[in-house]
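Engineer:
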């Protein structure tokens, strides 16, 4: 069950970085939604490596194929299986990994757990697994947009110490997509790009923060006490490769405020309930309050670096390992569609759950 | 299903702050574990209000009663239902809440979702719901300790801007419990207590950080890709009342490092695998690596303050509301056993899952 | 998770026949449903032992208490915990069971599984566990009746070789409840009662068939391919103590027909779709078709008989055991409310699921 | 979630009879199991149409392809996706079905539920969906055989009124496979085959009973109270297309016996616990008791017959419809591997669950 996410809008991803391919089964998608590969491919293109000079140069077309669940361009209500073939198989590039565990990768822990691993790349722990999520997320985003009027966005908020100015209420998709960093603060984006290029040249890598945003979520989504909206978002984000932290609304920063300062006063405006501040991040008691939902996700610097590092081999002998081949100095621009996808998956699931219990 | 947590060691909490009581059903507990109320009550005493001058003065004995699942002092393998009666019912204290939504509480969102709420206190959104979690967590901690050699700890790491020095590898339970703040850094604890007392006098409140620690977890627990250990921990922590953020290992702080700096080198020491740094926080690729697991949880300042604040009433008219009665200036000391409990629930579930698939 | 049933209208039962009591948590109940103990107690009275001369003489009032989830007589949308205390504890009556495994009971298998059992009665395998189901089922029936116009019935169809004439389209609750056998065919009911009385005198027991009926279910409930309506009903019924078989519509009898004979022709009648026969039992492809749902459940003869029988003791030595004390010659009248409850639980869950995906 | 089955050994099937193909994702398979397509294909060959003169003549090779989850011929512990392409697409053969609902098929109910259906064949309700189950079941059978010493069998017990003599303790796979009916009673098998050939000539169809058998299951598998072994088996069997009934052990026949007759006496034989009769069918209180598990599944006569029958069209107008094209007079020989697969899936899941809680 560990490869499934969601209860009513439920996805199951499958596939390793090397092997027959990667994909996803979406179970519980509402019927009669217009859906073809053209709805999915754009997000996969935003996720794929090789899209710009600041991300992994792995070259894959990542063409998605819908194998089931649609008929004459519409969803049937039955499981939608989507598949992307693996093309860039270069087992020889990984022969050293057969013998050595890469530091801060999942090589060692997979062996500790399963007693076996596909050493040709990251296997199941590869970011390639997120193809299934992004494909499913594209469907979730479409449902949210067309049936519930909800808009999902994500963007790069911070790279190392470089912080962008992002207004969750107003930032536009076109602004985010206007540069290869997916940072809507253009001046800052340039600095970020320069930093990443420097890191690439140094054979090193950087981490940062992606901000996720959901606008137009009606009050009432989220299920206390364990399936609170922020709890499900936190799980969703921490399930992404390389993520190390999650905060909603004021987050860790809010702890320097007092209760008087931090509370979000309710006001009535033209018959609608609003809050005049939004430290809550659009969620109170685990349930959306109608305000914009926003949160931040920390991603560690990519673990593969082009320098020798201490590690052990499969016989548990000390050795060193130097990354070689394709160097990915910064995962953040590609993490943006991943964060969008996971956000959409959480919200679509809760939209259906709200219909079920309280509809 | 939103009141259930865990797959194999599965709990279902029930109850509101006012009504017949609060409790939990634990399903999937291994049989033949010695268990009586005496194993549960100490953690409930650490959780209950009124335990010290710096927490909520609500007075409840919170005596737990095991209603099922044990026989002659041992678990049967059948569901364990535990119940704590509500005693401190003062509906008159809440009459104003019948008409007004408290800012940054869940009053408004519960009505938005369910169209009804128990206005006599926080209802299901009350911290009182965590009694069931802490009771179940006491069982989980016992299993982890006795059957797997795993120790679970939590402590207060930060109150507002006051930060304690805590070594996850060495901190002891007795140090944590040596003061009412549950901060093992004694000098800093005193400062924290003074700050909270000042806040109480000011009718205001503070937030902070609780650090959670699990020592002795063997390599191999955690289930990629969605039930990664850090993902389940994140969900667990964000499901606690007032929590706003979660970070594992280096967390948000790790993003200022480069990949070379951040990677944890593996070394072999006397036939055992260790890492010479632990920015990963004991988890890699969603699976424990045998090192100490540590993480931080941000809690916002308590929303109830003794000052008039803008809000709306149930007719959506603007008004003000001033907290009255029991004032809780700082939830952190009571959040410590909650964080322990949720950590233990996550790990006990994954211990059983590991036995199932790879045992 | 084995003590939980349902996905959206989800129950978790707890408790053994001897101990603090038995109960249930209902999670996912829609909010704002009028609900008090008076809605639950009548079904528990129909389930309880001692209600007539043909069932177990165990004397318990089985008074239900709602501990959570309601406020001012309405459901909150939060978990509803219901509890019935155990009163009739006579451990001395069971001392022989401490040493010996009763044939065709669960004594041996519980020890084989858990390595421990509560030998004071049937423990978790006791029919007493069904109190939680019947209590939850009373809520499910109320939702189905008030919000979906669905009527749930069950009755005794057969005792040993005595078969009643029951028309699933027309049988009334008052007819079923008009005799202690809960068989609406009055003449046949008298024969059944006489047979059971004879069995009681002989210290023996009989089995039979309970028929379950759901009228007014709209077309469209049920979720292919694994949560087909008949699959969920089958699981629900086979989870009842002493049940040995389930058949929907024509069932095992339908196999002597050919396809031409067995097919149910569709006809349009005043804009509504009907079938002119109903061998399908109201379900096709796992989804309700708008016709009456009916099915049969086989219950074996009660295993406790007042005669010495071969068995083994806990040291695995051959011995004999004679039932003593309370003799229950026929479980069928008490199984009727159990079958109703499980039917209602399945349908309420699917009603909510249908609202979620296709609503 | 309705396309998933199992908790720890969890499968998700996908695909319609016409479209890109059908398949399954197996999540939770233990690692390091030797597995290639050669382990799967034989069961698919036993399931596929066109294998003999008494089943559907649809011609498909049904070649399985493993897309993920294995490496160098062994399972990785990660999700195993298996895919079979659809080849026999003849949409023109189904054009009449676009306008008319076939009686006792799922055409009408799918439209009632989803408001859309793939009318090119049975869509998701087609027996073709069971390819995924049979493929996954082949893995489950292998695990049960190699790691737990459990043997799974199924055979045709009855066709219409022709009943075979089958001894669940002794029947062999080779006997079952020795004729195209998969009935180990050779003389009876010939009669069955003649009946089916007669039905084919008459353009009609027959139903019957498949018996499922599990030998070598240790005492202790099965999870009261809702996931009892017989409950999960019942659900599994009633989720198969065309199944109408399930009975375990004595089943419906047991109700003519008294308790004294029906009880299975325990005896100790060379330190092992046996029962001298097995009316329980190897399960007591929902848990295996170490005896042979056996049960029967009723399958209705195939709904497609080559005669005009009353029905309605999509405008709800009365009309008639005559089956044409591929006529399947008897599903039973092909149902045998389906029953095996579902049995294995239930047992493999419970084997892992037992390891988890009580291992």
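Protein chains in written order, with this note's numbering: chain U, 1 to 359; chain D, 1001 to 1359; chain X, 2001 to 2359; chain C, 3001 to 3359.
Even glycine gets a Cβ: it sits at the ideal position worked out from N, Cα and C.
Over the uninterrupted beta strand (DSSP E) stretch that includes residue 3245/C, give me the two end residues.
Structural biologist: Per DSSP, residue 3245/C belongs to the beta strand (DSSP E) from 3243-3248.
Engineer: Three-state secondary structure (DSSP) at residue 2153/X?
Structural biologist: Looking at residue 2153/X - three-state DSSP - the assignment turns out to be strand.
Engineer: Under 9 Å Cβ-Cβ, which residues of chain U neighbour residue 2115/X?
Structural biologist: None at all; the shortest Cβ gap to chain U is about 27 Å.
Engineer: Can you grab the Cα-Cα spacing for the pair residue 2278/X / residue 3181/C, in whole Å?
Structural biologist: In a straight line, the C-alpha of residue 2278/X is about 29 Å away from that of residue 3181/C.
Engineer: Under 9 Å Cβ-Cβ, which residues of chain X neighbour residue 330/U?
Structural biologist: The contacting residues do not exist; residue 330/U stays about 39 Å from chain X at best.
Engineer: In chain D, what lies closer than 9 Å to residue 3008/C by C-beta?
Structural biologist: Near residue 3008/C (Cβ distances below 9 Å), the residues of chain D are 1007, 1008, 1353, 1356 and 1357.
Engineer: Spatial neighbours of residue 1369/D within its chain, please: CB distance less than 8 Å, with the 5 preceding and 5 following residues excluded, ordered by chain position.
Structural biologist: In the structure displayed, chain D extends from 1001 to 1359; residue 1369/D sits before or after that span and is not available.
Engineer: Which residue from 2036/X, 2160/X, 2214/X and 2341/X puts its Cα closest to that of residue 2194/X?
Structural biologist: Comparing Cα-Cα distances from residue 2194/X to each of 2036/X, 2160/X, 2214/X and 2341/X, the minimum goes to 2160/X.
Engineer: Starting from the beta carbon of residue 3068/C, find every residue of chain U whose beta carbon is closer than 9 Å, and list them in chain order.
Structural biologist: Chain U residues near residue 3068/C: 14, 15, 16, 19, 20, 21, 22, 23 and 124.
Engineer: Keeping to the same chain, check which residues put their C-beta closer than 8 Å to that of residue 3334/C; ignore five residues upstream and five downstream.
Structural biologist: Cβ within range, chain order: 3046, 3047, 3048, 3049, 3051, 3055, 3056 and 3127.
Engineer: Could you give the uninterrupted runs of the alpha helix (DSSP H) lying entirely in the segment 100-135 of chain U, keeping only those of 4 residues or more?
Structural biologist: Fully enclosed alpha helix (DSSP H) runs of 4 or longer: 107-114.
Engineer: Taking 8 Å as the cut-off, does the segment 3212-3219 of chain C touch the segment 3270-3287 of chain C (at least 3 CB pairs, one atom from each stretch)?
Structural biologist: Taking 8 Å as the limit for Cβ pairs, the verdict is that the segment 3212-3219 of chain C does touch the segment 3270-3287 of chain C.
Engineer: So, do the segment 3251-3266 of chain C and the segment 2087-2106 of chain X have three or more beta carbon pairs nearer to each other than 8 Å?
Structural biologist: Verdict: yes, contact present.
Engineer: Please list, in chain order, the residues of the segment 2250-2270 of chain X that have any C-beta partner in chain C closer than 7 Å.
Structural biologist: Going along the segment 2250-2270 of chain X in chain order, one finds 2250, 2251, 2252, 2254, 2255, 2256, 2257, 2258, 2259, 2260, 2262, 2263, 2264, 2265, 2266, 2267 and 2268 with a Cβ nearer than 7 Å to chain C.
Engineer: Pull up the distance between the alpha-carbon of residue 1996/X and that of residue 2017/X, whole angstroms please.
Structural biologist: Outside the shown range of chain X, which is 2001 to 2359, sits residue 1996/X, and nothing can be said about it.
Engineer: For the segment 2198-2217 of chain X against the segment 2292-2304 of chain X, are there 3 or more C-beta pairs whose distance is under 8 Å?
Structural biologist: Yes: the two stretches touch, three or more of their Cβ pairs being nearer than 8 Å.
Engineer: Work out the CA separation of residue 151/U and residue 3099/C for me, nearest whole Å.
Structural biologist: About 39 Å.
Engineer: Can you name the start and end residues of the beta strand (DSSP E) that residue 296/U belongs to?
Structural biologist: Taken as a continuous stretch (DSSP letters only), the beta strand (DSSP E) holding residue 296/U covers 293-299.
Engineer: Going by beta carbon distance, what residues of the same chain come within less than 8 Å of residue 1225/D, once the five residues before and after it are set aside?
Structural biologist: Cβ within range, chain order: 1286.
Engineer: Which whole runs of the alpha helix (DSSP H) in the segment 1194-1242 of chain D are 4 residues long or more, in chain order?
Structural biologist: Within the segment 1194-1242 of chain D, the complete alpha helix (DSSP H) runs of at least 4 residues are 1229-1238.
Engineer: For residue 353/U, report the span of its alpha helix (DSSP H) as first-last.
Structural biologist: Element bounds for residue 353/U: 332-358.
Engineer: Can residue 1120/D and residue 3352/C be called in contact, C-beta distance under 8 Å?
Structural biologist: Their beta carbons are not under 8 Å apart, which means residue 1120/D does not touch residue 3352/C by this criterion.
Engineer: What are the partner residues of residue 3268/C, as DSSP defines its beta bridges?
Structural biologist: Paired residues: 3273/C.
Engineer: By a C-beta neighbour count over all protein chains shown, 10 Å radius and 16 as the cutoff for buried, is residue 2228/X buried or exposed?
Structural biologist: With 16 or more other Cβ atoms within 10 Å, it is buried.
Engineer: Would a C-beta distance cut-off of 8 Å place residue 1058/D and residue 1088/D closer than the cut-off?
Structural biologist: For residue 1058/D and residue 1088/D, yes; Cβs fall inside 8 Å.
Engineer: Which residues of chain C have a Cβ atom closer than 7 Å to the Cβ of residue 2235/X, listed in chain order?
Structural biologist: The answer, in chain order, is 3231, 3232, 3234 and 3235.
Engineer: When Cβ atoms are compared, which residues of the segment 2030-2041 of chain X fall closer than 7 Å to chain U?
Structural biologist: If the cut-off is 7 Å between Cβ atoms, the segment 2030-2041 of chain X has 2030 and 2031 near chain U.
Engineer: Examine chain C for any beta-carbon lying closer than 8 Å to the beta-carbon of residue 1077/D, and answer yes or no.
Structural biologist: Closer than 8 Å: yes.
Engineer: State the start and end residues of the unbroken alpha helix (DSSP H) segment that holds residue 2160/X.
Structural biologist: Looking at the DSSP string, residue 2160/X is not in any alpha helix (DSSP H), and its letter there is neither H nor E.
Engineer: Can the beta-carbon of residue 1341/D be found less than 8 Å from the beta-carbon of residue 1043/D?
Structural biologist: For residue 1341/D and residue 1043/D, yes; Cβs fall inside 8 Å.
Engineer: Hey, out of 2096/X, 2065/X and 2072/X, whose CA is closest to residue 2323/X's CA?
Structural biologist: Cα-wise, what sits closest to residue 2323/X is 2096/X.
Engineer: Work out the CA separation of residue 233/U and residue 363/U for me, nearest whole Å.
Structural biologist: The first residue shown for chain U is 1 and the last is 359, placing residue 363/U beyond what the model contains.
Engineer: So, is the C-beta of residue 2003/X closer than 8 Å to a C-beta in chain D?
Structural biologist: Residue 2003/X counts as touching chain D.
Engineer: Closest to residue 1081/D by C-alpha separation, out of 1109/D, 1013/D, 1114/D and 1112/D, would be which residue?
Structural biologist: Taking only the C-alpha atoms, the option nearest residue 1081/D is 1013/D.
Engineer: In the DSSP assignment, what are the bridge partners of residue 3034/C?
Structural biologist: 3074/C.
Engineer: For residue 1281/D, does the count of other Cβ atoms within 10 angstroms reach 16, so buried, or fall short, so exposed?
Structural biologist: The residue in question, residue 1281/D, is buried, as its Cβ has 16 or more Cβ neighbours within 10 Å.
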